[in-house]
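**Q** Before I ask anything, here is the structure I am working with.
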Amino acid sequence: MRKRWFSLAAVAAVLVALVPAAPAMAAPTFKVPFPCNQSWSGQTRSDHSPAYAIDFNRTDDLGDPVVASAPGTVDRVTDLGGTSYGKYVRIDHGNGYTTYYAHLSSFNVSVGQTVGYGRVIGYVGSTGGSTGPHLHYEQRLNGNDIQARFNGALALYWGTKTYTSDNGCSGANTGAGTVNTAGAALTVRSGPGTGYSAVGSVADGAGVTIYCQTSGTTVTGTYGTSSIWDRIGSGRFISDAYVYTGYDGYIPGVPRC
Ligand SMILES: [Zn+2]
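In the numbering used here, each residue carries its 1-based index in the sequence shown increased by 133.
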């Protein structure tokens with residue numbers, strides 16, 4: 134849904150639709166930040182700043198596309214000129230997780246945009262404090278750089294390793310959304326309606342991958358009144374009335390369930 138004003142009805146609906154907040158959610162499943170099947174050499178070194186960043190290279194990589202390593206919302210598209218990161222993009226994945234993509238030659242997204250796996254966000258460059266084309270990549274939690282993981286597997290610290298991307302390989306068109314309940318966690322249902330059993334919850338502000346959408350119980354939420362439900366996993370549905378997707382109706386390209 135698109136952003137809209139709250140109404141009293143929306144607040145009341147939040148109160149009945151919510152359950153107590155779940156514990157902190159696990160990290161997103163980060164993937165190599167390049168298109169499906171590409172192989173890139175990733176180097177880590179203890180004198181890097183910050184220490185856990187990875188520099189990615191391959192032959193003739195200037196201008197090669199860089200993709201989002203997990204679904205999220207673009208929250209920085211910044212040009213620092215000839216210093217530091219130069220042109221960089223930051224993606225907010227929810228739950229305190231962010232990723233950084235630096236020294237880009239140009240951008241392909243804007244602030245506020247939701248992105249999914251495989252979405253091109255910019256192109257490899259050598260802007261800022263860089264001596265040659267490469268992608269400087271970071272994963273952070275609550276602002277602190279963390280040792281990067283791809284599909285849950287720790288990257289090589291320290292050294293150089295070839296990483297092959299499975300980012301966006303599925304071919305399935307998924308959508309990306311951000312849960313917005315204005316505070317509490319959102320109940321996840323086993324089917325597309327409030328009559329289905331509660332099978333969990335999603336924290337306010339969490340990024341979700343939407344595999345398909347369908348019509349179900351009409352709900353009034355943060356983004357107005359909608360009968361659309363989003364499938365965010367196997368047997369896991371949430372009302373689209375609480376999910377920012379950038380669209381009032383169905384997300385273009387995402388299949389019906
Ligand atoms: Zn670097």
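Cβ atoms here follow ideal geometry from the backbone N, Cα and C, with glycine treated the same way. In this text, all values refer to a predicted model and were calculated from it rather than measured experimentally.
1. Taking the beta carbon of Gly368 as the centre, do at least 16 other beta carbons fall within 10 Å, making it buried, or is it exposed?
2. Less than 7 Å between C-beta atoms, sequence neighbours within five positions excluded: which residues of the same chain meet that for Gly196?
3. Mind reading off the beta-carbon distance from Gly227 to Gly205? Whole number of angstroms is fine, and I expect it under 8 Å.
4. Would you say Thr311 reaches chain C, if we count a Cβ-Cβ gap shorter than 8 Å as a contact?
5. Report yes if the C-beta distance between Phe163 and Ser298 is below 8 Å; otherwise report no.
6. Over the uninterrupted beta strand (DSSP E) stretch that includes Asn277, give me the two end residues.
7. Excluding the 5 residues flanking Ser330 on each side, which residues of the same chain have their C-beta closer than 6 Å to its C-beta?
8. Is Ala315 helix, strand or coil by DSSP?
9. Looking at Asp208 and Lys220, is the spacing between their C-beta atoms short of 8 Å?
10. Which two residues bound the contiguous beta strand (DSSP E) that contains Leu195?
11. Quick one: does the C-beta of Asp188 sit closer than 7 Å to a heavy atom of ligand 1?
12. Name the one or two DSSP bridge partners that His267 has.
13. Do Val341 and Val312 have their C-beta atoms closer together than 8 Å?
14. Buried or exposed: which applies to Ser359, given that a residue is buried once 16 or more other Cβ atoms fall within 10 Å of its Cβ?
15. Excluding the 5 residues flanking Val253 on each side, which residues of the same chain have their C-beta closer than 6 Å to its C-beta?
16. Can you say whether Leu268 is buried or exposed, counting buried as having 16 or more other CB atoms within 10 angstroms of its CB?
17. Taking only the alpha-carbon atoms, compute the straight-line gap between Ile371 and Pro325 and give it to the nearest angstrom.
18. Hey, how far is the Cα of Asn277 from the Cα of Lys294?
19. Look at the alpha carbon of Gln346 and the alpha carbon of Ile361, and state the distance between them as a whole number of angstroms.
20. Measuring CB to CB, does Gly310 end up less than 8 Å from Gly261?
21. Which residue wins for smallest C-alpha separation from Ser179, given the options Ala317, Asn190, Gln280, Thr355?
22. Just tell me which of Val248, Ala235, Gly229, Thr264 has its CA closest to the CA of Leu274.
23. Any heavy atom of ligand 1 within a distance shorter than 7 Å of the CB on His226?
24. Could you pull out every residue in the same chain whose Cβ sits closer than 6 Å to the Cβ of Cys302, ignoring the five residues on either side in sequence?
25. Report the rounded CA-to-CA distance for Gln246 versus Ser182, giving the unit in angstroms.
**A** Checking against the coordinates, here is how it stands:
1. Residue 368 sits at position 235 when you count from the first residue of the sequence shown. Exposed is the call here.
2. As a position in the sequence shown, residue 196 is number 63, starting the count at 1. Cβ neighbours of Gly196 beyond the five flanking positions: Ser238, Tyr256, Val257.
3. Locating residue 227 in the sequence shown gives position 94, where the first residue counts as 1. Locating residue 205 in the sequence shown gives position 72, where the first residue counts as 1. Right, their Cβ atoms sit about 7 Å apart.
4. The chain labelled as chain C is not found in the depicted structure, where only one protein chain is given.
5. As a position in the sequence shown, residue 163 is number 30, starting the count at 1. As a position in the sequence shown, residue 298 is number 165, starting the count at 1. No, they are not a contact pair.
6. The residue you call residue 277 lines up with position 144 of the sequence shown. Residue range 277-279 is occupied by the beta strand (DSSP E) that includes Asn277.
7. Numbered from its first residue, the sequence shown carries residue 330 at position 197. Same-chain partners within the cutoff: Ser323.
8. Translated into positions along the sequence shown, residue 315 becomes position 182. It is coil, neither helix nor strand.
9. Taking the sequence shown and counting its residues from 1, the one referred to as residue 220 is at position 87. Taking the sequence shown and counting its residues from 1, the one referred to as residue 208 is at position 75. No Cβ-Cβ contact shorter than 8 Å links Lys220 with Asp208.
10. Residue 195 sits at position 62 when you count from the first residue of the sequence shown. No beta strand (DSSP E) contains Leu195, which DSSP labels as neither H nor E.
11. Taking the sequence shown and counting its residues from 1, the one referred to as residue 188 is at position 55. Yes, since a heavy atom of ligand 1 falls inside the 7 Å radius drawn around the Cβ of Asp188.
12. Residue mapping note: residue 267 aligns to position 134 of the sequence shown, counting from 1. Beta bridge pairing from DSSP links His267 with Gly258.
13. In the sequence shown, counting from the first residue as 1, residue 341 sits at position 208. In the sequence shown, counting from the first residue as 1, residue 312 sits at position 179. Yes; because the gap between Cβ atoms is below 8 Å, this pair is in contact.
14. On the sequence shown, residue 359 is found 226 positions in, with the first residue counted as 1. The residue in question, Ser359, is buried, as its Cβ has 16 or more Cβ neighbours within 10 Å.
15. On the sequence shown, position 120 is the one that residue 253 refers to. Excluding positions up to five away in sequence, the list reads Pro198, Val200, Asn241.
16. Indexing the sequence shown from 1 puts residue 268 at position 135. With 16 or more Cβ atoms within 10 Å of its Cβ, Leu268 is classed as buried.
17. Counting from 1 along the sequence shown, the entry for residue 371 is found at position 238. Counting from 1 along the sequence shown, the entry for residue 325 is found at position 192. Approximately 7 Å, taken between the alpha carbons.
18. Along the sequence shown, one-based indexing puts residue 277 at 144. Along the sequence shown, one-based indexing puts residue 294 at 161. Distance between the alpha carbons of Asn277 and Lys294 is about 23 Å.
19. As a position in the sequence shown, residue 346 is number 213, starting the count at 1. As a position in the sequence shown, residue 361 is number 228, starting the count at 1. Going from the Cα of Gln346 to the Cα of Ile361 covers about 7 Å.
20. What you label residue 310 is simply residue 177 of the sequence shown in a count that begins at 1. What you label residue 261 is simply residue 128 of the sequence shown in a count that begins at 1. Against a cut-off of 8 Å, the Cβ pair of Gly261 and Gly310 comes out as no contact.
21. The count along the sequence shown starts at 1 and reaches residue 179 at position 46. Minimum Cα distance to Ser179 is reached at Gln280.
22. Walking along the sequence shown from the start, residue 274 turns up at place 141. Nearest of Val248, Ala235, Gly229, Thr264 to Leu274, Cα basis: Gly229.
23. Numbered from its first residue, the sequence shown carries residue 226 at position 93. Result no, Cβ not under 7 Å from ligand 1.
24. Along the sequence shown, one-based indexing puts residue 302 at 169. Counting only Cβ-Cβ distances below 6 Å, and skipping sequence neighbours, we find Cys169.
25. Counting from one through the sequence shown, the residue named residue 246 turns up at place 113. Counting from one through the sequence shown, the residue named residue 182 turns up at place 49. Rounded to whole angstroms, Gln246 to Ser182 spans 28 Å at the Cα level.
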